[in-house]
Structures are given as structure tokens and as C-alpha cells.
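In what follows, a structure is listed as C-alpha cells, so that the remarks can point back to it.
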Amino acid sequence: MKLGRHKGYNLASNIIFFLNIFIALMIVFGSWFLLETEFGRTVLSFAFAMLVISVVLKAVQWW
Numbered sequence: 000m001k002l003g004r005h006k007g008y009n010l011a012s013n014i015i016f017f018l019n020i021f022i023a024l025m026i027v028f029g030s031w032f033l034l035e036t037e038f039g040r041t042v043l044s045f046a047f048a049m050l051v052i053s054v055v056l057k058a059v060q061w062w
């Protein structure tokens with residue numbers, strides 16, 4: 000039985016999930032452009048690290 004107080008957490012979790020999808024799509028489709036500059040490589044590595052961290056946290060939550 001879920002209580003109503005966890006509804007905000009579920010909304011935040013769903014928002015983070017859709018942001019992860021957006022980041023993943025940006026990595027896939029924009030990586031060729033980002034790899035041309037040092038700043039782009041830094042942003043790409045940061046985005047990939049954030050994606051991995053959030054996916055691992057979501058997997059731990061499901062487990």
C-alpha cells in the first residue's frame with residue numbers, strides 16, 4: 000500500500016528518468032560534435048557519468 004506522501008518523490012523520479020533519456024539521446028546524436036572541443040569532451044564525460052550514476056541508483060531502488 001502506497002501512501003500519498005511519496006507521490007512527490009515518484010514525480011521527481013519520473014522527471015529524472017526523462018532527463019536521463021534526453022541526456023542519452025544527446026550523447027548518441029551529439030557526441031560527434033562534442034568530441035571536437037575540450038569543453039565538449041568534458042561535458043560529454045560529465046553527462047555520461049551523471050547518466051551512469053542515476054541509472055545505478057534507479058536499479059538499486061528497484062532491487
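Note that numbering that gives the first Met the number 0 numbers the sequence shown so that position 37 is 36, with each residue one more than the last. Ideal Cβ positions, reconstructed from N, Cα and C, are used throughout, including at glycine.
Rounded to whole angstroms, what is the Cα-Cα separation between residue i and residue j?
i, j, result
"G29", "F45", "14 Å"
"L10", "A58", "17 Å"
"N13", "A48", "19 Å"
"W31", "W61", "33 Å"
"I15", "T36", "27 Å"
"I26", "F17", "14 Å"
"V42", "A23", "13 Å"
"F38", "F21", "20 Å"
Got a sec? Which residues, its chain only, sit under 7 Å from residue i by beta carbon, not counting five neighbours each side?
i, result
"N19", "L50, S53, V54"
Under 8 Å Cβ to Cβ from residue i, same chain only, skipping five residues before and after it: list those, please.
i, result
"R40", "L33, L34"
How is the alpha helix (DSSP H) around residue i delimited, first residue to last?
i, result
"E37", "37-61"
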